[in-house]
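S.K.: Pasting a structure below so you can have a look.
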Amino acid sequence: MQVFGRMYAASLMGHPWAHHSTCNNSTILTVGGHDIDECASNPCLNNAVQCLDGPNFFFCVCAPGYTGIRCETEIDECASRPCQNGATCNDFVNMYNCTCPPNFEGVNCENEIDPCLSEPCLNNATCSELGGDTSIPFQCLCVDGFAGELCEEDIDECASMPCQNNATCNNLLNMYTCDCPGFEGVNCETVVFLDTELSISDRKIKSNLHFKPTDSHNYLMYPSNHPRSCTNSIPFSQLLRASRICSDDQDFAKVSKQIISFFEQRQYPQRVLSNALKRIQGIDRASALAPKTDHTPTRRIPLVLSFHPSVTPIVRAIYRNVETLRHDPSTRDHFFEPPITAFRIEKNISKHLVRASQPQAVVPNTPGTFPCNRGRCNT
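Just so you know, we're using UniProt numbering here: the sequence shown kicks off at 1 and counts up by one.
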C-alpha cells in the first residue's frame, strides 16, 4: 500500500481557517478543528479498490495490475519474460498471453506439439516433422502421382500430351493410357504389320520385331529325333530374321534375349544358342538384308530319304565314301560332287487327326460295363 499526505497537508498550512496541533511530536492538520479527509479529492487512480484516510496521510489500495502511490503505474507482466521458445508476449491489465510459434502450445508456449498428429497430409502421403521455428512445421512426402504442399494435387500425366497419332489420353493415378485405334504401343507410336512394328523416331522409320500375344513359341524340341543340322539351324534362322527386321541395335539386343529364352524353354543347349548369336553378330544388317546373287546351278544329286534315327549312319557312310563314288566307273557320271541329303517325314496317324473338344465322360464309381447313352451307340 502506498501512503501519501504530507505534501497535500503542507499545501494547506497557513490557510486562515487551517489549524494545527501537536500530539506525540506529530503535526495533525485540521480545518476548523476537524481532521482533513485526504481521500476527499479522489487521489487514487485507475479504479483503485479503496482510498484509506489517515491522520495527515492517505494510502491507495490498487486494483490488480497497478502499482504506485496513487496506482498510476500499470504493472508489465511481460517484464519477467514468461513466454518461452521464441513466443511473443502480449501485456494486458493484470494478465498476459503468449503468441506461440506454429509448433508450440501452452500458457507459456512451453509444450512442443507434434504437427503430424492431426494427419494433415492427404492421399496416403507420409508426414515428416521439421525441427526449429518454421512457418510450416511439417513436410508431406507424396506418393507417386500426387503433388502439392499437402499432396492434394493429382498430377496430370496427360498434360505433356504423350499420346501420338491423335490418340485419346486417359489420366490415371501415376500413369496414363492411350486409346489408339489402328495403332499400338504405349503412346500409340507403332503400326503393326504381321510380325513387324513400324514407328517414327527422329524423323526416321524404325522397325522392330513384333511378338503376337497368341504366339506360343513352340519351336521344335531339341531332344526330338531330327537331324542335328536341322535343330541347330533353327535358332540361327530366327536370330537372322530378327536382325533383318530390327533397325536399332538396342532393339535387336532385347529381342535376341527373348528369342534365346524361348529356345531355352525348348531345351536347346547354351552352346548351340551362343554359337548362333555369335554368327549373327558377325553379320552386319546391310549384308543380312542384301539379296542372294549366287544362283550358280549345282550338279549335286539330291538324296531324299525317309527320316529315321537309323538313317544317320547311312548318310555318314555316303559322305565318307564320296571319293569312291566319284571314281567308280558305274557312279562317276552321277556323283560329281557330294549329294545333297534331304529327309522326308513318313505319313503317320497324326496327319489324319484333328483337334476336337469333347465332353469328358463321367466314370461311375461302380465297376463294370455301362451303356454310353449316345444315339450312335448300339449298346
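Note that CB positions come from ideal geometry on N, CA and C, so glycine has one too.
No experiment lies behind these values; they were computed from the predicted model shown.
What does a CB cutoff of less than 7 Å around M221 pick up in its chain, not counting 5 residues either side in sequence?
M.R.: The residue you call residue 221 lines up with position 221 of the sequence shown. Only R266, Q267 meet the Cβ criterion.
S.K.: What's the call for Q281, buried or exposed, on a 16-neighbour Cβ count within 10 Å?
M.R.: Here residue 281 corresponds to residue number 281 of the sequence shown, with the count starting at 1. So Q281 counts as exposed.
S.K.: Please work out which residues of its chain come closer than 7 Å, Cβ to Cβ, to C44, disregarding the five sequence neighbours upstream and downstream, and give them in chain order.
M.R.: If you number the sequence shown from 1, residue 44 lands on position 44. Cβ neighbours of C44 beyond the five flanking positions: C51, C60, R70, C71.
S.K.: Suppose you measure from the CA of K204 to the CA of D284; what does that come to, to the nearest Å?
M.R.: Looking up residue 204 in the sequence shown gives position 204. Looking up residue 284 in the sequence shown gives position 284. Taking the CA atoms as reference points, K204 sits about 20 Å from D284.
S.K.: Tell me which residue opens and which closes the alpha helix (DSSP H) that A317 is part of.
M.R.: The sequence position of residue 317 within the sequence shown is 317, counting from 1. Looking at the DSSP string, the run of the alpha helix (DSSP H) that includes A317 is 312-320.
S.K.: Are the segment 288-303 and the segment 327-343 touching by the rule of at least three beta carbon pairs closer than 8 Å?
M.R.: yes
S.K.: Could you give the first and the last residue of the continuous alpha helix (DSSP H) run that contains N275?
M.R.: Residue 275 sits at position 275 when you count from the first residue of the sequence shown. N275 -> alpha helix (DSSP H) spans 270-281.
S.K.: Just grab the DSSP bridge partners of S128 for me.
M.R.: Numbered from 1 along the sequence shown, position 128 holds the residue referred to as residue 128. Answer by DSSP bridge pairing, in chain order: Q139.
S.K.: Name the DSSP bridge partner or partners of residue 386?
M.R.: Limits of the chain in this structure are 1 at one end and 379 at the other, which puts residue 386 out of reach.
S.K.: Whose C-alpha, out of F193, T168, C89, is nearest the C-alpha of N187?
M.R.: Position 187 of the sequence shown, counted from the start, is the residue given in the question as residue 187. When each option's Cα is compared against that of N187, the closest is T168.
S.K.: In this structure, how does DSSP classify F335 when only helix, strand and coil are distinguished?
M.R.: Position 335 of the sequence shown, counted from the first residue, corresponds to residue 335. Correct three-state label for F335: coil.
S.K.: Around the Cβ of E119, are there at least 16 other Cβ atoms within 10 angstroms (buried) or fewer (exposed)?
M.R.: Residue 119 sits at position 119 when you count from the first residue of the sequence shown. E119 comes out exposed.
S.K.: Apart from the five residues just before and just after F252, which ones in its own chain have a Cβ nearer than 7 Å to its Cβ?
M.R.: Here residue 252 corresponds to residue number 252 of the sequence shown, with the count starting at 1. If we look at F252 and ignore the five residues flanking it on each side, its Cβ neighbours are A242, S243, C246.
S.K.: Hey, quick one: how far does the beta strand (DSSP E) through T99 stretch, first residue to last?
M.R.: Reading the sequence shown from its first residue, position 99 is the one you call residue 99. From DSSP, the beta strand (DSSP E) with T99 extends over 95-99.
S.K.: Check whether the segment 167-183 touches the segment 138-155, taking contact to mean three or more Cβ pairs, one atom from each stretch, closer than 8 Å.
M.R.: yes
S.K.: Give the straight-line distance between the Cα atoms of Q164 and S199, rounded to the nearest whole angstrom.
M.R.: Start at 1 with the first residue of the sequence shown, and residue 164 comes out as number 164. Start at 1 with the first residue of the sequence shown, and residue 199 comes out as number 199. Roughly 11 Å between the two C-alpha positions.
S.K.: Considering only the beta carbon of each residue, do N85 and P101 sit closer than 8 Å?
M.R.: By 1-based counting over the sequence shown, the position of residue 85 is 85. By 1-based counting over the sequence shown, the position of residue 101 is 101. Yes.
S.K.: Do F263 and P223 come within 8 Å of each other at the CB atom, strictly closer than that value?
M.R.: Translated into the one-based positions of the sequence shown, residue 223 becomes position 223. Translated into the one-based positions of the sequence shown, residue 263 becomes position 263. Going by C-beta atoms, P223 is not nearer than 8 Å to F263.
S.K.: Can you give me the Cβ contacts of C158 inside the same chain, cut-off strictly under 8 Å, excluding the 5 residues immediately before and after it?
M.R.: Counted from its first residue, the sequence shown places residue 158 at position 158. Contacts found: C169, N170, N171, Y176.
S.K.: From A317 to G185, what distance separates their C-alpha atoms?
M.R.: Taking the first residue of the sequence shown as position 1, residue 317 is located at position 317. Taking the first residue of the sequence shown as position 1, residue 185 is located at position 185. In this model, A317 and G185 are separated by some 54 Å (Cα to Cα).
S.K.: Compare the C-alpha of T67 against each of F183, A48, P55 and name the closest.
M.R.: The sequence position of residue 67 within the sequence shown is 67, counting from 1. Among F183, A48, P55, the Cα nearest to that of T67 is on A48.
S.K.: Measuring straight from C-alpha to C-alpha, what distance separates residue 399 and Y319?
M.R.: Shown here, the chain extends from 1 to 379; a query on residue 399 therefore has no answer.
S.K.: Under a three-way DSSP split, which group does Q50 fall into?
M.R.: On the sequence shown, residue 50 is found 50 positions in, with the first residue counted as 1. Three-state DSSP puts Q50 in a strand.
S.K.: Residue range of the alpha helix (DSSP H) that F263 falls in?
M.R.: Sequence index remark: in the sequence shown, residue 263 carries index 263 (1-based). Taken as a continuous stretch (DSSP letters only), the alpha helix (DSSP H) holding F263 covers 249-265.
S.K.: Please confirm whether H217 and E197 have their CB atoms less than 8 Å apart.
M.R.: Your numbering for residue 217 matches position 217 in the sequence shown. Your numbering for residue 197 matches position 197 in the sequence shown. Note that the C-beta distance between H217 and E197 is not below 8 Å.
S.K.: Ends of the beta strand (DSSP E) at A288?
M.R.: Position 288 of the sequence shown, counted from the start, is the residue given in the question as residue 288. Per DSSP, A288 belongs to no beta strand (DSSP E); it is in the alpha helix (DSSP H), 285-289.
S.K.: Closest to I75 by CA distance: which of V93, C89, P82 is it?
M.R.: Here residue 75 corresponds to residue number 75 of the sequence shown, with the count starting at 1. Cα-wise, what sits closest to I75 is V93.
S.K.: For R228, which option in P309, C127, K254 has the closest C-alpha, if you only look at C-alpha atoms?
M.R.: For this step, residue 228 is matched to residue 228 along the sequence shown. If we check each option's Cα against that of R228, P309 comes out closest.
S.K.: In this structure, does DSSP put A79 in helix, strand or coil?
M.R.: Within the sequence shown, the letter at position 79 stands for residue 79. The answer is coil: DSSP assigns A79 none of H, G, I, E or B.
S.K.: Quick one: Cα of I349 to Cα of L325, how far?
M.R.: In the sequence shown, the residue the question calls residue 349 occupies position 349. In the sequence shown, the residue the question calls residue 325 occupies position 325. Taking the straight line joining both Cα atoms gives about 38 Å.
S.K.: Mark E38 as exposed unless 16 or more other C-beta atoms lie within 10 angstroms of its C-beta, in which case mark it buried.
M.R.: By one-based count along the sequence shown, residue 38 stands at place 38. It is buried - the Cβ of E38 has at least 16 other Cβ atoms within 10 Å.
S.K.: Thinking E105 and N111 are a contact (beta carbons under 8 Å), I'd like their distance in whole angstroms, please.
M.R.: Within the sequence shown, numbered from 1, the residue matching residue 105 stands at position 105. Within the sequence shown, numbered from 1, the residue matching residue 111 stands at position 111. About 5 Å separates the CB atoms of E105 and N111; that is less than 8 Å, so the two are in contact.
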